[in-house]
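See below for the structure under consideration.
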Amino acid sequence: MDKADIVGVLEEIAVLLELKGENPFKIRAYASGARALETMEADLAVLIAEGQLGSMKGIGSALVDKIETLHASGELPFYDKLKASIAPGLIEMLEIPGLGGKKVKRLHDALEVESVAALKAACEAGRVAGLQGFGAKSEAKILSGIENRAAYAKRHLWWMANERAVPILEGLRRLSGVERAEVAGSLRRLMETVGDLDFIVASKEPEPVMDWFTGLPEVREVTAKGQTKSSVRFESGLQADLRVVPPEQFAFALHHFTGSKEHNVAMRQRALAAGYSLSEWGLTKKDEAEPAALGISTEKDLFAFLGLPEIPPELREGLGELEITEVPSLLDAGAIRGVFHNHTNASDGRATIEEMAAAAAALGFEYLGLADHSKSSVQANGLNDARVLKMVESIRAFNESGQSSVHVFAGIECDILPDGSLDLEDATLAALDYAVMSVHSAFSQPEGEMTARVIRAIEHPATTMLGHPTGRLLLRREPYRIDLEKVIDAAIANKVIIEINANPQRLDMDWRHWRRAAERGLVCAINPDAHQTSGLGYFHAGVNIARKGWLAPAQVLNTRSAKAVKEWFGG
DNA sequence: GCCGTTTTCGGCCCGACTGTTTTCAGTCG
54 MDKADIVGVL EEIAVLLELK GENPFKIRAY ASGARALETM EADLAVLIAE
104 GQLGSMKGIG SALVDKIETL HASGELPFYD KLKASIAPGL IEMLEIPGLG
154 GKKVKRLHDA LEVESVAALK AACEAGRVAG LQGFGAKSEA KILSGIENRA
204 AYAKRHLWWM ANERAVPILE GLRRLSGVER AEVAGSLRRL METVGDLDFI
254 VASKEPEPVM DWFTGLPEVR EVTAKGQTKS SVRFESGLQA DLRVVPPEQF
304 AFALHHFTGS KEHNVAMRQR ALAAGYSLSE WGLTKKDEAE PAALGISTEK
354 DLFAFLGLPE IPPELREGLG ELEITEVPSL LDAGAIRGVF HNHTNASDGR
404 ATIEEMAAAA AALGFEYLGL ADHSKSSVQA NGLNDARVLK MVESIRAFNE
454 SGQSSVHVFA GIECDILPDG SLDLEDATLA ALDYAVMSVH SAFSQPEGEM
504 TARVIRAIEH PATTMLGHPT GRLLLRREPY RIDLEKVIDA AIANKVIIEI
554 NANPQRLDMD WRHWRRAAER GLVCAINPDA HQTSGLGYFH AGVNIARKGW
604 LAPAQVLNTR SAKAVKEWFG G
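Note that my numbering gives residue 588 to position 535 of the first sequence, counting from 1, and the numbers run on in steps of one.
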């Protein structure tokens with residue numbers, strides 16, 4: 054069994070133990086063990102062979118046994134027995150807001166409900182309201198939670214969530230008495246998807262701020278409203294939380310609610326080592342009741358107090374960011390001089406060469422790469438060899454006309470056929486400035502076949518870049534099965550760039566791979582995959598992912614001058 | 001179940017809010 058599957062089993066064990074009413078710390082141990090395994094950089098097989106698995110923080114002797122058993126045999130009797138003892142419907146019940154492990158267990162023990170449908174029937178029959186610890190409101194809340202389960206459980210693309218959040222943030226900042234306002238949570242950490250919106254406000258008068266927020270026209274339901282916190286739900290099912298704190302606590306609250314949970318745990322441990330307990334309220338000295346007055350008014354002050362540089366929010370994932378000694382140089386949107394993977398109306402885009410170049414100029418770009426589909430992408434009106442050569446001519450003519458300050462690079466998004474060969478003649482590919490190779494068919498190949506297919510394409514001398522290496526569509530389609538480590542190795546060996554496809558629903562290759570890959574020499578290109586002029590703006594989403602992957606400007610082709618890009622392309 | 005410069009037991013991050021209670025447990029982040 055591979056690492057990802059083992060992580061899944063450990064996570065599931067944690068959930069099952071919760072439903073069993075197990076010791077919460079034991080539950081956490083499985084969850085954090087899963088996390089440690091998921092984020093470790095070493096090869097699992099090597100670590101096991103060397104007997105080093107137990108040296109990982111968060112993995113003790115019990116987990117070593119279980120992970121090794123799963124790795125060797127793919128089975129674990131402990132897990133099988135545990136799973137068999139719990140009805141799958143109980144796990145589903147955890148998705149209902151307000152129900153956690155203990156309540157689900159009580160419902161199951163008292164009413165013998167083993168499915169969401171049975172729970173719904175029990176609520177409708179009024180059997181839940183009569184239970185110890187439950188009442189009429191709980192019953193109604195469970196029913197509404199079941200009704201809206203799908204919408205509530207849904208995550209949302211960062212791009213869409215941000216579009217919803219920006220006007221609310223601006224509205225909060227305009228309110229009188231609001232000294233500061235920021236978004237927090239996964240939105241601020243630039244995660245590819247977000248579960249809800251978090252707003253943090255500094256004000257001495259919380260009430261009018263709460264009232265404004267819960268009174269927003271798009272609010273469908275107010276799920277909580279208190280002294281410092283309100284929660285609302287929008288029509289789309291998206292939830293938003295607002296916290297209003299006194300100005301002197303703003304930095305602590307902002308840091309706390311930005312997270313991630315793992316980052317906060319690490320920060321608290323660091324604070325404890327310095328003799329302080331860290332919370333969203335402040336730093337409290339050991340044995341004292343109130344937070345100490347330390348003159349901390351910004352996150353930068355807080356980090357400095359703990360001997361750290363100001364760690365950018367997008368790096369706060371508990372992945373070693375507390376080990377840095379200075380703020381890393383991260384890619385900035387202002388350093389982007391152009392983008393490479395975009396379509397025109399020659400294939401399935403909507404705009405002409407001229408219109409795309411004008412949009413690139415409006416963004417301040419020096420150059421623009423056009424890469425229409427090749428002929429196998431029939432659904433996208435892909436170009437055959439003759440049409441590609443004609444397109445090259447059109448682009449050359451455009452450049453020579455001098456009508457634009459933007460230099461257009463003539464490229465292609467060439468299909469990688471199921472056997473790893475390419476969709477165009479070598480002579481055609483040679484006529485182009487560069488080529489992005491992408492998989493658009495036979496997604497369900499076994500991992501070995503897909504990996505060999507993509508590596509064969511990477512090894513072709515015409516290949517400049519690999520497009521969306523896993524083919525995932527966030528929240529819609531799983532990545533295809535591929536061994537990315539081998540693909541990355543091949544890309545580095547062949548001096549092939551891997552793109553960050555910046556379309557908000559792709560963001561592929563995933564940020565989790567970039568830090569290590571780039572350290573090993575992989576070069577990145579940020580490719581908006583624009584199909585119309587407005588799509589060029591997606592490059593911002595790509596920059597976000599590059600930052601989240603710790604990429605410095607020098608590791609990203611888009612920061613180079615047109616001349617340097619030409620040299621990279623070999624022309 | 002994990003961990004240890006307080007080291008093999010006894011902690012483990014912690015506070016707001018809700019709904020149920022009549023002082024608190026459970027959920028959530």
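Yeah, the Cβ is synthetic: ideal placement off N, Cα and C, and Gly gets one too.
Fair warning: this is a prediction, and the values are worked out from it, not measured in the lab.
Contact belief for residue i with residue j at Cβ below 8 Å, rounded distance in angstroms
| i | j | result |
| --- | --- | --- |
| Pro381 | Trp603 | 6 Å |
| Leu589 | Val392 | 7 Å |
| Cys577 | Ala594 | The pair is not a contact, with the Cβ atoms about 14 Å apart (cut-off 8 Å). |
| Thr523 | Ala488 | That pair is no contact at about 19 Å. |
| Glu379 | Pro362 | 5 Å |
| Leu355 | Ile349 | 5 Å |
| Ser491 | Ile511 | About 12 Å separates the two Cβ atoms, so there is no contact after all. |
| Phe303 | Arg233 | 6 Å |
| Ala544 | Leu519 | 6 Å |
| Thr612 | Ala388 | 5 Å |
| Gly335 | Phe305 | 5 Å |
| Trp403 | Gln585 | Residue identity differs from the one stated: residue 403 is Arg in this sequence, not Trp. Sure, about 4 Å apart at Cβ, within 8 Å. |
| Asp536 | Glu478 | Incorrect: roughly 29 Å between the Cβ atoms, too far for contact. |
| Gly113 | Ser85 | Wrong, their Cβ atoms sit about 11 Å apart, outside the cutoff. |
Proximal residues to residue i (C-beta, below 6 Å), its chain only, five neighbours per side dropped
| i | result |
| --- | --- |
| Val275 | Thr267, Val285 |
| Leu100 | Leu106 |
| Lys282 | Arg296 |
| Asp264 | none |
| Glu167 | Ala140, Gly142 |
| Gly198 | Ile149, Pro150 |
| Glu192 | Cys176, Val181, Ala182 |
| Val272 | Val285 |
CB contact flag (residue i, residue j, <7 Å)
| i | j | result |
| --- | --- | --- |
| Phe622 | Asp486 | yes |
| Ala237 | Leu307 | yes |
| Ala484 | Val445 | yes |
| His309 | Glu333 | yes |
| Met54 | His124 | yes |
| Val117 | Leu90 | no |
| Thr481 | Val441 | yes |
| Gly74 | Lys190 | no |
Straight-line gap, residue i to residue j (C-alpha atoms, nearest Å)
| i | j | result |
| --- | --- | --- |
| Glu145 | Gly154 | 11 Å |
| Ala195 | His316 | Per the sequence presented here, residue 195 reads as Ile, with Ala not at that position. When rounded, the distance between both Cα atoms is 32 Å. |
| Arg241 | Pro299 | 21 Å |
| Arg217 | Gly248 | 13 Å |
| Glu288 | Pro150 | 17 Å |
| Lys338 | His209 | 39 Å |
| Ala546 | His513 | 12 Å |
| Lys207 | Ser454 | 50 Å |
| Leu69 | Ala433 | 46 Å |
| Lys257 | Ala137 | 53 Å |
| Leu63 | Ala319 | 21 Å |
| Phe552 | Met244 | Note on identity: in this sequence residue 552 is Glu, with Phe being the wrong assignment. One C-alpha to the other measures close to 18 Å. |
| Phe496 | Thr504 | 11 Å |
| Pro77 | Val181 | 25 Å |
| Asn580 | Lys173 | 47 Å |
| Cys467 | Lys156 | 54 Å |
| Arg509 | Ala515 | 12 Å |
| Ala439 | Leu421 | 22 Å |
| Glu128 | Thr122 | 7 Å |
| Trp211 | Leu152 | 27 Å |
| Glu572 | Asp561 | 18 Å |
| Ala98 | Glu538 | 14 Å |
| Pro532 | Gly328 | 45 Å |
Residues sharing a beta bridge with residue i, DSSP
| i | result |
| --- | --- |
| Thr481 | DSSP, once it has assigned bridges, lists no residue as partnering Thr481. |
| Ala424 | Gly464 |
| Met490 | Cys467, Leu519 |
| Tyr329 | Lys338 |
| His209 | Val247 |
| Asp294 | Asp251, Ser284 |
Residues of its chain near residue i, where Cβ-Cβ distance is below 7 Å and the 5 sequence neighbours each way are ignored
| i | result |
| --- | --- |
| Ile448 | Ile406, Leu423, Val461, Ala463 |
| Glu148 | Arg202, Ala206 |
| Ala163 | Leu184 |
| Ala570 | Ile541 |
| Ser400 | Asp425, His426, Ala433, Asn434, Gly435, Leu436 |
| Leu331 | Met320, Arg321, Ala324 |
| Glu596 | Correcting the residue type first, residue 596 is Val in the shown sequence and not Glu. Cβ neighbours of Val596 beyond the five flanking positions: Leu384, Ala386, Ile389, Ile579. |
Beta-carbon proximity list for residue i, same chain, < 8 Å, skipping 5 on both sides
| i | result |
| --- | --- |
| Val262 | Leu225, Leu228, Gly230, Val231, Val254, Ser256, Leu295, Val297 |
| Asp44 | As shown, the chain starts at 54 and ends at 624. That puts residue 44 outside it, with no answer to give. |
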